[in-house]
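What follows is a set of notes on a single structure, which appears directly below.
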Amino acid sequence: MPNDDIILAVDAVHATYINAITALHGVSFEIRRGGILALLGANGAGKTTTLKAVSNLLPAERGQVNAGSIRYDGSDVSRRKPGDLVRAGLVQVLEGRHCFKSLTVEENLVAGIGRSGRRAEINADLERVYSYFPRLREKRRTLSGLTSGGEQQMTGIGRALMSRPRLLVLDEPSMGLAPLIVQDIFQTLKKLNREIGLSILVAEQNSAVALRYADHATVLENGVSVLSGAAADLRQREDIRALYLGQQPSPAAKPSRLHAVA
Ligand code: ATP
992 MPNDDIILAV DAVHATYINA ITALHGVSFE IRRGGILALL GANGAGKTTT LKAVSNLLPA
1052 ERGQVNAGSI RYDGSDVSRR KPGDLVRAGL VQVLEGRHCF KSLTVEENLV AGIGRSGRRA
1112 EINADLERVY SYFPRLREKR RTLSGLTSGG EQQMTGIGRA LMSRPRLLVL DEPSMGLAPL
1172 IVQDIFQTLK KLNREIGLSI LVAEQNSAVA LRYADHATVL ENGVSVLSGA AADLRQREDI
1232 RALYLGQQPS PAAKPSRLHA VA
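Numbering (this note's numbering), first residue to last: 992 to 1253.
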């Protein structure tokens, strides 16, 4: 029975590349409408593969989901084209800040519209992006290739916002950025979540920042979801960083209530 409160349900997903390399073998989590879920894991744990599976992008990489199910808004994503999912509000910001470097920031934003739109509507959407990212308004006429890494990440997120997402999916938005810029980006994501009810799935290796802004988190290890819980509870468990995320815990790690995923 589908639960209307759940915008994304990932259940026991197994995935392979070129029918040979197993990348996921048992990934499960759910995102409530209006929730922020952090998908944590070390390098190669399967975060990117999971995000691609969610948008049905694995076939384009010679990958496939072999078992389990992924439901967005109650419907099976494997039966829908990636573009169709975007139009239904499931929008990804891909890893690595994919901007067209020879286009201006504003041209990049407009390139994100997955539909034909009237100028007035496009302008209203641009205004909304600029209200959340004032830096982009300042740089609107600058070529993206000449903007900073943080501004390129903001452009990537802004471009996704132009498609009017209901579930925004981000792959390592903190990668390669200075801590202050990372805070700025996560604060803006949280603001979007609060003000327009945007649901968010964010994959991160930077568990400290992700756990500060997410409501819930799921930890992946070698393609399996091994731990799930409220972000506030996981934040207390610094030993998780050493166990699953390849980071050193501080000496003052505290115990808390969490459940391992069966
Ligand atoms: P990273 O932070 O390095 O992106 P990740 O947690 O996102 O790590 P994935 O990129 O999903 O992990 O990788 C999971 C596994 O799948 C790894 O063993 C990886 O080598 C493999 N893999 C990923 N992409 C491909 C591909 N296109 N073809 C073959 N194997 C792949």
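No residue lacks a Cβ here, since even glycine has one placed at the ideal position from N, Cα and C.
Query raised in the report: Based on the DSSP output, what are the partners of residue 1067 in its beta bridges?
Result: One-based indexing of the sequence shown puts residue 1067 at position 76. Paired residues: 1062.
**Report entry** Buried versus exposed call for residue 1009 [16 or more other C-beta atoms within 10 Å across all chains shown]
**Finding:** As a first step, residue 1009 must be located in the sequence shown, where it is residue number 18. Exposed, because fewer than 16 other Cβ atoms sit within 10 Å of the Cβ of residue 1009.
Requested in this report: Since I believe residue 1197 is in contact with residue 1027 (beta carbons under 8 Å), could you give me their beta-carbon distance rounded to a whole number of angstroms?
Outcome: The residue given as residue 1027 occupies position 36 in the sequence shown. The residue given as residue 1197 occupies position 206 in the sequence shown. With 8 Å as the limit, residue 1027 and residue 1197 do not qualify as a contact, their Cβ atoms being about 15 Å apart.
Query raised in the report: Just to confirm, does residue 1059 get its C-beta within under 7 Å of one of the non-hydrogen atoms of ligand 1?
Result: Stepping through the sequence shown from its first residue, residue 1059 is reached at position 68. No.
Query - Member of 1224, 1022 and 1001 whose CA lies at the smallest distance from the CA of residue 1157 - result: The count along the sequence shown starts at 1 and reaches residue 1157 at position 166. The candidate whose alpha carbon is nearest that of residue 1157 is 1022.
Query raised in the report: To the nearest angstrom, how far is it from the Cα of residue 1035 to the Cα of residue 1014?
Result: Taking the sequence shown and counting its residues from 1, one reaches residue 1035 at position 44. Taking the sequence shown and counting its residues from 1, one reaches residue 1014 at position 23. One C-alpha to the other measures close to 8 Å.
Query raised in the report: Where does residue 1163 sit, in a helix, a strand or coil, going by DSSP?
Result: Taking the sequence shown and counting its residues from 1, the one referred to as residue 1163 is at position 172. Note: residue 1163 maps to coil in three-state DSSP.
Query - residue 1124 (DSSP reduced to helix, strand or coil) - result: Working through the sequence shown from its first residue, we reach residue 1124 at position 133. Note: residue 1124 maps to coil in three-state DSSP.
Report task. Quick one: measure Cβ to Cβ for residue 1077 and residue 1154, integer angstroms, because I've assumed they're closer than 8 Å. Result -> As a first step, residue 1077 is located in the sequence shown; it is residue number 86 there, counting from the start. As a first step, residue 1154 is located in the sequence shown; it is residue number 163 there, counting from the start. Contact holds; Cβ gap of about 6 Å.
Query raised in the report: At a cut-off of 7 Å, is residue 1034 close to ligand 1 when judged by its beta-carbon and the heavy atoms of the ligand?
Result: Looking up residue 1034 in the sequence shown gives position 43. Yes, the Cβ of residue 1034 comes within 7 Å of a heavy atom of ligand 1.
**Report entry** Among 1170, 1084 and 1047, nearest to residue 1194 - alpha-carbon criterion
**Finding:** Taking the first residue of the sequence shown as 1, we reach residue 1194 at position 203. It is 1084 whose Cα lies nearest to the Cα of residue 1194.
Requested in this report: For residue 1044, verify whether its CB is less than 7 Å away from any heavy atom of ligand 1.
Outcome: Your numbering for residue 1044 matches position 53 in the sequence shown. Residue 1044 Cβ: outside cutoff for every heavy atom of ligand 1.
Query raised in the report: With respect to the alpha helix (DSSP H) encompassing residue 1198, which residues constitute its N-terminal and C-terminal limits?
Result: For the purposes of this step, residue 1198 is taken as residue 207 along the sequence shown, with counting starting at 1. It spans 1198–1204 - the alpha helix (DSSP H) in which residue 1198 sits, taken as one unbroken run.
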